[in-house]
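> Once you've had a glance at the structure underneath, I'll fire off some questions.
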Amino acid sequence: MAVFEFRGVVATTGKTVRGVRDAENPKVLRAALRRDGIMLTLATEEAAGKAKTSREIDLFKFFRRIGAGDVAVLTRQLATLVRAGIPLVDSIGALVDQVEKEELKRVLTVVREKLNEGTSFAKALEQHPRAFPPIFVNMVAAGEASGTLEQVLERLADFMEGQARLRAKVSAALAYPALMAIIGTLLISVLMVAVVPKVTAIFESLDRALPWYTQVLIGTSNFLAGYWWLLLILGGGGLWWFRRWKKMLSVARFAKTLATLLAAGVPLLKAMEIVRNVLDNALLEKVVEEATGSIREGESIAEPLRRSGQFPPIVTHMIAVGEKSGQLEQMLESVAEAYDAQVETTVQALTSLLEPLMIVVMGAAVGFIAFSIMMPLIQMNEFVQ
């Protein structure tokens with residue numbers, strides 16, 4: 033059975049519709065749509081598991097792409113359907129009719145066709161890496177092998193929803209300060225480098241003594257024009273601090289992902305390889321890769337992580353205790369929860385301080401520049417009169 037992307041017109045209202053549906057051939061598709069009150073205008077057959085090729089530039093592709101939040105909602109719905117005893121193929125079919133995003137609908141349609149052909153669920157998902165990351169595919173494979181697919185889907189839903197919530201909190205908390213910093217920096221830079229030198233050149237040509245605050249402004253403008261590279265150093269310091277803070281977020285992701293994989297039955301070495309690919313931190317990725325090699329040689333998990341010096345002592349200590357007590361998954365969960373809470377607290381404290389501070393600093397800077405320029409102009413006007 034083929035998968036078609038179609039366009040049509042609703043017979044009763046004349047409204048244009050588009051979607052994805054499977055059918056034996058275009059004739060069967062036309063008949064099926066006619067029963068639904070849709071007149072088929074265009075049908076394009078898609079190769080299963082392959083991306084559609086087109087020379088046209090899709091300007092709205094970014095907005096239609098499948099996000100982590102979409103997959104999290106889908107996973108929760110699928111876990112509910114499977115838990116209710118609905119067969120997997122029928123559950124996927126119900127989700128095809130449920131989801132609104134065309135890209136996700138197309139992927140689910142192809143996955144359902146693969147399942148009907150006898151392909152395993154994990155293999156069907158593996159053909160769509162942009163929608164289903166390696167952690168998703170490997171956990172599903174472990175669930176299928178152990179007969180615990182329902183529990184695995186629920187763990188996956190919990191994991192992805194937690195990651196989406198944390199990501200949303202961090203993004204929302206940093207969005208306003210970041211925007212204010214960019215706008216403020218651009219505004220002050222334009223004033224200091226482009227506007228102030230032209231205005232102050234007028235003052236200097238009049239051969240009159242300038243107020244001290246105007247002289248300070250001129251000196252600051254000249255300094256920034258001549259030593260702009262110092263701003264790059266300050267920016268590098270801010271980037272270093274951000275990377276250090278992001279490392280804390282990566283430790284939480286490491287613990288949560290590894291705990292989720294191990295709880296789902298994924299072998300340790302395979303789980304470590306998956307974790308390395310989701311850390312988004314080059315330094316920790318290298319540490320995990322070296323730790324995987326040490327574990328393969330018979331070493332414990334905690335020891336190579338401790339030896340690297342990149343993981344906090346409390347983390348490696350808890351992992352060591354978990355290994356000895358046989359409660360590694362629970363210890364990793366505890367580490368993840370603690371670091372998630374620490375990240376959230378740090379972000380809230382930082383934004384609570386930054387927002388008013390940035391407003392005050394920007395207002396003071398712009399006010400000082402305006403005052404330093406306007407006051408000599410007013411004084412000159414009074415002198416002329």
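According to this note's numbering, the stretch in the sequence shown is residues 33 to 417, in order.
We put the CB at the ideal spot given by N, CA and C, even for glycine.
(1) Taking C-alpha atoms, which residue in Ile118, Ala163, Arg53 lies nearest to aspartate 129?
(2) Is the beta carbon of glutamate 355 less than 8 Å from the beta carbon of serine 332?
(3) I'd like to check one pair, methionine 280 with valine 375: are the Cβ atoms closer than 8 Å?
(4) Just checking leucine 65 against the ligand GTP - is the residue's beta carbon closer than 7 Å to any of the ligand's heavy atoms?
(5) May I ask which residues mark the beginning and end of the alpha helix (DSSP H) holding aspartate 190?
(6) Whose CA, out of Leu290, Arg144, Arg338, Gln183, lies closest to the CA of proline 166?
(7) If you reduce the DSSP assignment to three classes, tell me which class isoleucine 333 lands in.
(8) Which term fits arginine 144, buried or exposed, when burial requires 16 or more other beta carbons within 10 angstroms of its beta carbon?
(9) To the nearest angstrom, how far is the alpha carbon of valine 202 from that of asparagine 313?
(10) With distance defined between alpha-carbon atoms, name the residue in Val49, Pro209, Pro229 nearest to leucine 385.
(11) Going by Cα to Cα distance, which pick from Thr180, Arg62, Leu106, Val393 is closest to serine 123?
(12) Distance, Cα to Cα, aspartate 102 vs methionine 390?
(13) Closest to glutamine 247 by CA distance: which of Leu185, Asp68, Met407, Leu65 is it?
(14) Going by DSSP, name the residue or residues bridged to arginine 50.
(15) Can you tell me which residues form a DSSP beta bridge with isoleucine 98?
(16) Quick one: what does DSSP say isoleucine 124 is sitting in, helix, strand or coil?
(17) What's the C-alpha gap between glutamine 183 and isoleucine 118?
(18) Considering only the alpha carbon of each residue, which of Met171, Ala205, Met212, Thr44 lies closest to methionine 192?
(19) I'd like to check one pair, alanine 368 with threonine 348: are the Cβ atoms closer than 8 Å?
(20) Restricting to Cα atoms, I'd like to know which of Leu185, Arg308, Ala402 is closest to arginine 115.
(21) Taking only the alpha-carbon atoms, compute the straight-line gap between glutamate 149 and lysine 155 and give it to the nearest angstrom.
(22) Assuming contact is defined by CB atoms lying nearer than 8 Å, are leucine 136 and leucine 110 in contact in what I supplied?
(23) DSSP three-state label for isoleucine 70, please.
(24) Quick check on the burial criterion: 16 or more other C-beta atoms within 10 angstroms. Buried or exposed for serine 221?
(25) According to DSSP, which residues form a beta bridge with alanine 116?
If we stick to the structure as given:
(1) Residue 129 sits at position 97 when you count from the first residue of the sequence shown. Minimum Cα distance to aspartate 129 is reached at Arg53.
(2) Taking the sequence shown and counting its residues from 1, one reaches residue 355 at position 323. Taking the sequence shown and counting its residues from 1, one reaches residue 332 at position 300. Yes, Cβ-Cβ distance for glutamate 355 and serine 332 is below 8 Å.
(3) As a working mapping, residue 375 is identified with position 343 in the sequence shown. As a working mapping, residue 280 is identified with position 248 in the sequence shown. Yes, these two residues count as a Cβ contact at 8 Å.
(4) No copy of the ligand GTP occurs in the structure displayed, which carries no ligand at all.
(5) In the sequence shown, counting from the first residue as 1, residue 190 sits at position 158. Segment 181-222, the alpha helix (DSSP H) holding aspartate 190.
(6) Stepping through the sequence shown from its first residue, residue 166 is reached at position 134. Closest in C-alpha terms to proline 166, from the list Leu290, Arg144, Arg338, Gln183, comes Leu290.
(7) For the purposes of this step, residue 333 is taken as the residue at position 301 of the sequence shown. Isoleucine 333 carries a coil assignment under DSSP once its states are collapsed to helix, strand and coil.
(8) For the purposes of this step, residue 144 is taken as residue 112 along the sequence shown, with counting starting at 1. Taking every protein chain shown into account, the CB of arginine 144 has 16 or more other CB atoms within 10 angstroms, so this residue is buried.
(9) The residue you call residue 202 lines up with position 170 of the sequence shown. The residue you call residue 313 lines up with position 281 of the sequence shown. Spanning the two alpha carbons is a distance of roughly 17 Å.
(10) On the sequence shown, residue 385 is found 353 positions in, with the first residue counted as 1. Closest by alpha carbon: Pro209.
(11) Stepping through the sequence shown from its first residue, residue 123 is reached at position 91. The residue with the shortest Cα to Cα distance from serine 123 is Leu106.
(12) If you number the sequence shown from 1, residue 102 lands on position 70. If you number the sequence shown from 1, residue 390 lands on position 358. Each residue's Cα considered, the two are about 35 Å apart.
(13) In the sequence shown, the residue the question calls residue 247 occupies position 215. Per the Cα distances, Met407.
(14) As a first step, residue 50 must be located in the sequence shown, where it is residue number 18. Paired residue(s): Arg39.
(15) Here residue 98 refers to the residue found at position 66 of the sequence shown. Isoleucine 98 pairs with nothing; no bridge assigned.
(16) The count along the sequence shown starts at 1 and reaches residue 124 at position 92. Note: isoleucine 124 maps to helix in three-state DSSP.
(17) Locating residue 183 in the sequence shown gives position 151, where the first residue counts as 1. Locating residue 118 in the sequence shown gives position 86, where the first residue counts as 1. One alpha carbon belongs to glutamine 183, the other to isoleucine 118, and they sit about 15 Å apart.
(18) On the sequence shown, residue 192 is found 160 positions in, with the first residue counted as 1. When only C-alpha atoms are compared, the closest one is Met171.
(19) Walking along the sequence shown from the start, residue 348 turns up at place 316. Walking along the sequence shown from the start, residue 368 turns up at place 336. No, they are not a contact pair.
(20) On the sequence shown, residue 115 is found 83 positions in, with the first residue counted as 1. Considering only alpha carbons, the answer is Leu185.
(21) On the sequence shown, position 117 is the one that residue 149 refers to. On the sequence shown, position 123 is the one that residue 155 refers to. If I take the Cα positions, the gap works out to 12 Å.
(22) For the purposes of this step, residue 136 is identified with residue 104 of the sequence shown, where counting begins at 1. For the purposes of this step, residue 110 is identified with residue 78 of the sequence shown, where counting begins at 1. Not in contact: leucine 136 and leucine 110 (Cβ atoms no closer than 8 Å).
(23) Along the sequence shown, one-based indexing puts residue 70 at 38. Here isoleucine 70 sits in strand by DSSP.
(24) Here residue 221 is taken as the residue at index 189 of the sequence shown, counted from 1. Exposure of serine 221 is indicated by the presence of fewer than 16 other C-beta atoms within 10 angstroms of its C-beta.
(25) Within the sequence shown, residue 116 is the residue found at index 84, counting from 1. Under DSSP, no beta-bridge partner is assigned to alanine 116.
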